[in-house]
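Colleague: So the sequence lines, in the order shown, correspond to chains A and B.
Residue numbering for the first sequence follows the working numbering, beginning at 8 and increasing consecutively.
Residue numbering for the second sequence follows the working numbering, beginning at 8 and increasing consecutively.
Next up is a structure, given as structure tokens.
Protein chains: 2
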Amino acid sequence: MAKSYKIAVVVGSLRKESINRKAAEALVRLAPDNLDLEFVEIGALPLYDEDVEAAGAPQSWTRFREQISSADAVLFVTPEYNRSVPGVLKNAIDVGSRPYGQSAWAKKPAAIMTVSPGAIGGFGANHHLRQSLVFLDMPVLQQPEAYIGRGFELFDETGELKSDDTRSFFKSFIDSFAGWIERIA
Amino acid sequence: MAKSYKIAVVVGSLRKESINRKAAEALVRLAPDNLDLEFVEIGALPLYDEDVEAAGAPQSWTRFREQISSADAVLFVTPEYNRSVPGVLKNAIDVGSRPYGQSAWAKKPAAIMTVSPGAIGGFGANHHLRQSLVFLDMPVLQQPEAYIGRGFELFDETGELKSDDTRSFFKSFIDSFAGWIERIA
Numbered sequence: 008m009a010k011s012y013k014i015a016v017v018v019g020s021l022r023k024e025s026i027n028r029k030a031a032e033a034l035v036r037l038a039p040d041n042l043d044l045e046f047v048e049i050g051a052l053p054l055y056d057e058d059v060e061a062a063g064a065p066q067s068w069t070r071f072r073e074q075i076s077s078a079d080a081v082l083f084v085t086p087e088y089n090r091s092v093p094g095v096l097k098n099a100i101d102v103g104s105r106p107y108g109q110s111a112w113a114k115k116p117a118a119i120m121t122v123s124p125g126a127i128g129g130f131g132a133n134h135h136l137r138q139s140l141v142f143l144d145m146p147v148l149q150q151p152e153a154y155i156g157r158g159f160e161l162f163d164e165t166g167e168l169k170s171d172d173t174r175s176f177f178k179s180f181i182d183s184f185a186g187w188i189e190r191i192a
Numbered sequence: 008m009a010k011s012y013k014i015a016v017v018v019g020s021l022r023k024e025s026i027n028r029k030a031a032e033a034l035v036r037l038a039p040d041n042l043d044l045e046f047v048e049i050g051a052l053p054l055y056d057e058d059v060e061a062a063g064a065p066q067s068w069t070r071f072r073e074q075i076s077s078a079d080a081v082l083f084v085t086p087e088y089n090r091s092v093p094g095v096l097k098n099a100i101d102v103g104s105r106p107y108g109q110s111a112w113a114k115k116p117a118a119i120m121t122v123s124p125g126a127i128g129g130f131g132a133n134h135h136l137r138q139s140l141v142f143l144d145m146p147v148l149q150q151p152e153a154y155i156g157r158g159f160e161l162f163d164e165t166g167e168l169k170s171d172d173t174r175s176f177f178k179s180f181i182d183s184f185a186g187w188i189e190r191i192a
């Protein structure tokens, strides 16, 4: 039997009907059995401020850092805001990276899917996030790249992927991530 | 007499003793008389969430959008967090860009200075921010580029720039921004 891995799923949009959350949920359904995927919420994290840290980190920061630290790998599924990573996701990255020398992200394998309503599928956000993950020393799945465009057309009213081709791509993406985690674990 | 311009100053760090705030304050002191620079605070803006917008924007979002809208230009002075724009600043960018079609940033001339403790002076954050400003249709001062390294060595205990060379560069930067604003106004 394949070794099991715990994966933290971080979604970059807070919207209830977020197409990125739906995409993440589709990936969870398609994932191989040895991946245990858990959503980690980022909407209640106060904006990072070193003075606040010095006065005693808020409980939400500490809890978030523990959730990331306890995972074996991290799956990011995010929209693009203004050709970059949403502030809400970048704030979570910043909170998890601190205090200095105690980053919760360090060395954890990662994968990134970006989903957007337009045609270019969040390419700008995807690669801005990759630049941060270089610094954070997170080995990122390179292929398949996942820039998912036309996001509003992907899901039926029950949240299922409409197209078999898309489902097959999502399956190959999450399977590749599982392989990547095993390879470098 | 030169026409006067109102400049919103947005600092990407919330820390009280932030070297980026000190750099912004130094730029304010060195600015030509026809620039009226005002700090616009971003630390109390809730994380952007379209559902919250739909339910009625928080007063802090509305006030921030009005502050940016009423300015003729925007000066960004920011650290780099994890090789990108701090989450706190990116969230302000996102809040100001919404609701869709009503961006407060549109067409306002901008300048970016990044200040970091290390040697590369926030180059990563500077250019990630530039990518967002392309989308936001903000004409950005190109030269001089301002990647300020060794930030902890720049200021004396009163917050003054220690070196005449640095002061002269800061002066040329803010004068160039004034010229840029006049040119495209």
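Ideal Cβ placement from N, Cα and C applies to all residues, glycine included.
In this text, all values refer to a predicted model and were calculated from it rather than measured experimentally.
Around the C-beta of Tyr107 (chain B), are 16 or more other C-beta atoms found within 10 angstroms, so that it is buried, or is it exposed?
Modeller: exposed
Colleague: Between which two residues does the beta strand (DSSP E) harbouring Ile155 (chain A) extend?
Modeller: 153-155
Colleague: State the DSSP-derived secondary structure class of Val95 (chain A), mapped to helix, strand or coil.
Modeller: helix
Colleague: Assess contact between the region 118-133 of chain A and the region 82-98 of chain A, defined as three or more Cβ pairs (one per stretch) separated by less than 8 Å. Is contact present?
Modeller: yes
Colleague: So Ser76 (chain A) packs on Lys13 (chain A), CB below 8 Å; how close in whole Å?
Modeller: In fact, because the Cβ distance is near 11 Å, the residues do not count as touching under 8 Å.
Colleague: Give me the chain A residues within the contact set of Gln150 (chain B), using Cβ-Cβ distance strictly less than 9 Å, ordered along the chain.
Modeller: Simply none; closest approach about 22 Å.
Colleague: What residues in the region 60-72 of chain A bring their beta carbon closer than 8 Å to a beta carbon of chain B?
Modeller: none
Colleague: Kindly indicate the opening and closing residues of the beta strand (DSSP E) around Thr121 (chain B).
Modeller: DSSP places Thr121 (chain B) in the uninterrupted beta strand (DSSP E) bounded by 117-122.
Colleague: Would you mind telling me which residues of chain A sit closer than 9 Å to Arg190 (chain B), beta carbon to beta carbon, in chain order?
Modeller: The contacting residues do not exist; Arg190 (chain B) stays about 25 Å from chain A at best.
Colleague: Could you check the C-alpha separation between Leu42 (chain A) and Ser11 (chain A) for me, to the nearest Å?
Modeller: 6 Å
Colleague: Terminal residues of the continuous beta strand (DSSP E) containing Ile14 (chain B)?
Modeller: In this chain, the beta strand (DSSP E) harbouring Ile14 (chain B) covers 12-18.
Colleague: Please report the residue range of the beta strand (DSSP E) in which Glu45 (chain B) lies.
Modeller: Counting along the chain, the beta strand (DSSP E) containing Glu45 (chain B) begins and ends at 42-46.
Colleague: Determine the burial state of Ala9 (chain A): buried for a count of at least 16 other Cβ atoms within 10 Å of its Cβ, exposed for fewer.
Modeller: exposed
Colleague: Under a CB-based cut-off of 8 Å, is Phe177 (chain B) close to chain E?
Modeller: The displayed structure is made up of protein chains A and B, and chain E is not among them.
Colleague: Would you please verify whether the beta carbon of Arg90 (chain B) is less than 8 Å from any beta carbon of chain A?
Modeller: Chain A places a beta carbon closer than 8 Å to that of Arg90 (chain B), counting this residue as a contact.
Colleague: Using 10 angstroms around the beta-carbon of Gly125 (chain B), count the other beta-carbons present and answer buried if the total reaches 16, otherwise exposed.
Modeller: exposed
Colleague: Kindly list, in the order they appear in chain A, the residues whose Cβ is closer than 7 Å to that of Lys10 (chain B).
Modeller: Correct list: empty, because the minimum Cβ distance to chain A is about 30 Å.
Colleague: Confirm, please, whether the CB-CB distance from Leu82 (chain B) to Leu34 (chain B) is below 8 Å.
Modeller: yes
Colleague: Report the three-state DSSP secondary structure of Thr165 (chain B) (helix, strand or coil).
Modeller: In the displayed model, Thr165 (chain B) falls within coil according to three-state DSSP, outside both helix and strand.
Colleague: Name the DSSP beta bridge partners of Ala83 (chain A), please?
Modeller: Checking the sequence shown, residue 83 (chain A) turns out to be Phe, not Ala. Answer is A:Val17, A:Ile119, bridged to Phe83 (chain A).
Colleague: So, are the CB atoms of Thr199 (chain B) and Glu160 (chain B) less than 8 Å apart?
Modeller: Outside the shown range of chain B (8 to 192) lies residue 199 (chain B), about which nothing can therefore be said.
Colleague: Can you give me the C-alpha to C-alpha distance between Leu37 (chain B) and Ala15 (chain A), rounded to a whole angstrom?
Modeller: 48 Å
Colleague: If Asp79 (chain B) and Lys114 (chain B) are in contact, beta carbons under 8 Å, what's the gap, nearest whole angstrom?
Modeller: Asp79 (chain B) to Lys114 (chain B), Cβ: 10 Å. No contact.
Colleague: Nearest-angstrom Cα distance between Arg22 (chain A) and Glu73 (chain A)?
Modeller: 24 Å
Colleague: Taking CB distances under 8 Å as the criterion, tell me whether Ser123 (chain B) reaches chain A.
Modeller: So, not an interface residue.
Colleague: Counting only the same chain and skipping the five closest in sequence on each side, list residues whose C-beta sits under 6 Å from that of Ile191 (chain B).
Modeller: Pro116, Pro146
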